[in-house]
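Participant: Mind looking over this structure? Questions follow.
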Amino acid sequence: MEQPSDEVLIAKSNEGDMAAFKKLVTRHEGKVAGVVRSMLGATPEAEDVGQEVFIRFYDALSKFRGDSQVSTYLVRIAINLSLNELKKKKRWNSRFTSMDAAAGKGTEDTMDLNEQLNYEFGRLEPEFKAVATLRLIEGYSTEETSVMLDIPLGTVLSRLARAQQKLRVALSKKLK
Amino acid sequence: MMNEHFSENDDLLLKSYDAPVTARERELLSSLMQNDHALRQQGDQYSRIRELLLRPEPDSFGPFFAERIMQQLKQRASEIDYLIFFFFKKYQVLAIGVLVALLITNMLLTDQLTLKSLFGIDQQTTEDVFSIDLYKNLTE
């Protein structure tokens, strides 16, 4: 059976059909989860942010004009909310820097390549992480990444290059 | 972490993954990769990183995520209903007071103690009706 399009589901949701909205959530959960969990890691905050993304989308349904795809729109909200969450975390963590440093020390040697890659990815600056998430993890083109983050293509390319260079340097021992 | 200097060659190598390169750049990169062992190794490392990062399948927030969202929306709607109810409840006494005051004012203005006067409904006495009829007769 053919699945209803996003536009049809949005129209139905606007008429109060909650089952239609649930279908939208189920359909786009994967993309949003991918972005949020790449940005924040598999933390409890990630799911909170994920829920917030869909609740904001629900609130904006009547204003959604369909200029962009639903997934693009959701990914944009997901990135913005994740960046806000990272800022909040940074403020909080700055009070406990010494504790964090102590906790992180000595663990890199015991990690395998995948674990360390995740760890180093988590340490990237939020702006680099946002670009790398969209392009390297989610597989969006550099043009799409530029549109979603509302930054020039050149900035996308330079942030992408810096992010990869940082990861390569940090992982150089294990990549040999 | 970022104390290494990254060469133009490294930048060109990375550019080739994400942006179109000119024929001249492609040629240059190809020649560099053939002759520069370190750059070739970096290329392998970048490819490995990209391969590991690319998500093979959609992620998930775990089972019943959609149900949790729907539950939250439902809960929020009932909270809004409660807030509206609470808002009106808060001003209930005041509203009743204003209503009573208006009723008493009406009653005092009409000088009558009837239900109609309480609600400000005009009442015509027999004399009023008679005087209107008399006026009509005089004008005809």
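Chains as they are written, first to last, in my numbering: chain A, 1003 to 1178; chain B, 3 to 142. Ideal Cβ placement from N, Cα and C applies to all residues, glycine included.
On the DSSP letters alone, give me the boundaries of the alpha helix (DSSP H) that residue 1121 of chain A sits inside.
Facilitator: For the purposes of this step, residue 1121 of chain A is taken as residue 119 along the first sequence, with counting starting at 1. Residue 1121 of chain A -> alpha helix (DSSP H) spans 1115-1125.
Participant: So, are the CB atoms of residue 82 of chain B and residue 1170 of chain A less than 8 angstroms apart?
Facilitator: Position 80 of the second sequence holds residue 82 of chain B. Position 168 of the first sequence holds residue 1170 of chain A. Result no, Cβ atoms of residue 82 of chain B and residue 1170 of chain A do not sit closer than 8 angstroms.
Participant: For chain D, check one thing: does any of its Cβ atoms lie closer than 8 angstroms to the Cβ of residue 1146 of chain A?
Facilitator: In summary, chain D is missing from the structure at hand, where the protein chains are A and B.
Participant: Only counting the same chain, and skipping five residues up and downstream in sequence, which positions put a Cβ closer than 8 angstroms to that of residue 1113 of chain A?
Facilitator: For the purposes of this step, residue 1113 of chain A is identified with residue 111 of the first sequence, where counting begins at 1. 1121, listed in sequence order.
Participant: In the structure shown, what three-state DSSP assignment does residue 17 of chain B receive?
Facilitator: Sequence index remark: in the second sequence, residue 17 of chain B carries index 15 (1-based). Of the three classes helix, strand and coil, the one that applies to residue 17 of chain B here is helix, per DSSP.
Participant: Starting from residue 89 of chain B and walking both ways along the alpha helix (DSSP H), at which residues does that stretch end?
Facilitator: By 1-based counting over the second sequence, the position of residue 89 of chain B is 87. The continuous alpha helix (DSSP H) containing residue 89 of chain B extends over residues 67-92.
Participant: Listing by chain order, which chain B residues have their CB less than 8 angstroms from the CB of residue 1169 of chain A?
Facilitator: Within the first sequence, numbered from 1, the residue matching residue 1169 of chain A stands at position 167. Those within 8 angstroms of residue 1169 of chain A in chain B are 51.
Participant: Counting only beta-carbon atoms, is residue 1012 of chain A nearer than 8 angstroms to chain B?
Facilitator: One-based indexing of the first sequence puts residue 1012 of chain A at position 10. Not an interface residue.
Participant: Measuring CA to CA, which of A/1019, A/1034, A/1174 and A/1023 is closest to residue 1116 of chain A?
Facilitator: Along the first sequence, read from residue 1 onward, the residue named residue 1116 of chain A stands at position 114. Among A/1019, A/1034, A/1174 and A/1023, the Cα nearest to that of residue 1116 of chain A belongs to A/1174.
Participant: Compare the C-beta of residue 55 of chain B against all C-beta atoms of chain A and say whether one is closer than 8 angstroms.
Facilitator: The residue labelled residue 55 of chain B in the question sits at position 53 within the second sequence. Cβ-Cβ to chain A under 8 angstroms: yes for residue 55 of chain B.
Participant: Taking the beta carbon of residue 26 of chain B as the centre, do at least 16 other beta carbons fall within 10 Å, making it buried, or is it exposed?
Facilitator: What you label residue 26 of chain B is simply residue 24 of the second sequence in a count that begins at 1. The residue is exposed, with fewer than 16 neighbouring Cβ atoms inside 10 Å.
Participant: With a threshold of 8 angstroms between beta-carbons, can residue 75 of chain B be considered close to chain A, or not?
Facilitator: As a first step, residue 75 of chain B must be located in the second sequence, where it is residue number 73. So yes, residue 75 of chain B belongs to the interface.
Participant: Do you know offhand how far residue 75 of chain B's Cα is from residue 1060 of chain A's?
Facilitator: Counting from one through the second sequence, the residue named residue 75 of chain B turns up at place 73. Counting from one through the first sequence, the residue named residue 1060 of chain A turns up at place 58. Distance between the alpha carbons of residue 75 of chain B and residue 1060 of chain A: 9 angstroms.
Participant: Using a Cβ cut-off of 8 angstroms (strictly closer), state whether residue 1036 of chain A contacts chain B.
Facilitator: Within the first sequence, residue 1036 of chain A is the residue found at index 34, counting from 1. Answer yes: the Cβ-Cβ gap between residue 1036 of chain A and chain B drops below 8 angstroms somewhere.
Participant: May I ask you to report which of helix, strand or coil DSSP gives residue 976 of chain A?
Facilitator: Past the edges of chain A, shown from 1003 to 1178, lies residue 976 of chain A, and the structure says nothing about it.
Participant: Please list the partners that residue 68 of chain B has in chain A, where partner means a Cβ-to-Cβ separation under 8 angstroms.
Facilitator: Translated into positions along the second sequence, residue 68 of chain B becomes position 66. Within chain A, the residues near residue 68 of chain B are 1024, 1027, 1028 and 1031.
Participant: Distance check for residue 1041 of chain A and residue 1132 of chain A, CA to CA, integer angstroms please.
Facilitator: As a first step, residue 1132 of chain A must be located in the first sequence, where it is residue number 130. As a first step, residue 1041 of chain A must be located in the first sequence, where it is residue number 39. Spanning the two alpha carbons is a distance of roughly 7 angstroms.
Participant: From residue 1086 of chain A to residue 1156 of chain A, what distance separates their C-alpha atoms?
Facilitator: Locating residue 1086 of chain A in the first sequence gives position 84, where the first residue counts as 1. Locating residue 1156 of chain A in the first sequence gives position 154, where the first residue counts as 1. Their Cα atoms are separated by approximately 24 angstroms.
Participant: Going along chain A in order, which residues have a C-beta closer than 7 angstroms to the C-beta of residue 40 of chain B?
Facilitator: Taking the second sequence and counting its residues from 1, the one referred to as residue 40 of chain B is at position 38. Correct list: empty, because the minimum Cβ distance to chain A is about 11 angstroms.
Participant: Grab the span of the alpha helix (DSSP H) containing residue 48 of chain B for me, first residue to last.
Facilitator: Here residue 48 of chain B refers to the residue found at position 46 when the second sequence is read from its first residue. Looking at the DSSP string, the run of the alpha helix (DSSP H) that includes residue 48 of chain B is 39-55.
Participant: When you compare the segment 21-39 of chain B with the segment 59-69 of chain B, are there three or more beta-carbon pairs, one atom per stretch, that lie closer than 8 angstroms?
Facilitator: no
Participant: Here's the rule: buried if 16 or more other CB atoms are within 10 angstroms of the residue's CB, otherwise exposed. What is residue 48 of chain B?
Facilitator: As a working mapping, residue 48 of chain B is identified with position 46 in the second sequence. Buried, since its Cβ has 16 or more Cβ neighbours within 10 Å.
Participant: Can you give the beta carbon distance from residue 1048 of chain A to residue 1038 of chain A, rounded, assuming they're within the 8 angstroms contact cut?
Facilitator: Taking the first sequence and counting its residues from 1, the one referred to as residue 1048 of chain A is at position 46. Taking the first sequence and counting its residues from 1, the one referred to as residue 1038 of chain A is at position 36. About 5 angstroms separates the two Cβ atoms, so the contact holds.
Participant: Does the segment 1075-1086 of chain A come into contact with the segment 1022-1037 of chain A, if we say contact requires no fewer than three beta-carbon pairs (one atom in each stretch) closer than 8 angstroms?
Facilitator: They touch, by the three-pair rule.
Participant: Going by DSSP, what residue range makes up the alpha helix (DSSP H) through residue 1012 of chain A?
Facilitator: For the purposes of this step, residue 1012 of chain A is taken as the residue at position 10 of the first sequence. Counting along the chain, the alpha helix (DSSP H) containing residue 1012 of chain A begins and ends at 1008-1016.
Participant: Taking the C-alpha atoms as reference points, what is the distance between residue 58 of chain B and residue 1130 of chain A?
Facilitator: Reading the second sequence from its first residue, position 56 is the one you call residue 58 of chain B. Reading the first sequence from its first residue, position 128 is the one you call residue 1130 of chain A. The straight-line gap from Cα to Cα measures roughly 21 angstroms.
Participant: For residue 1056 of chain A, which of helix, strand or coil comes out of DSSP?
Facilitator: Numbered from its first residue, the first sequence carries residue 1056 of chain A at position 54. In this structure, residue 1056 of chain A counts as helix in the three-state DSSP scheme.
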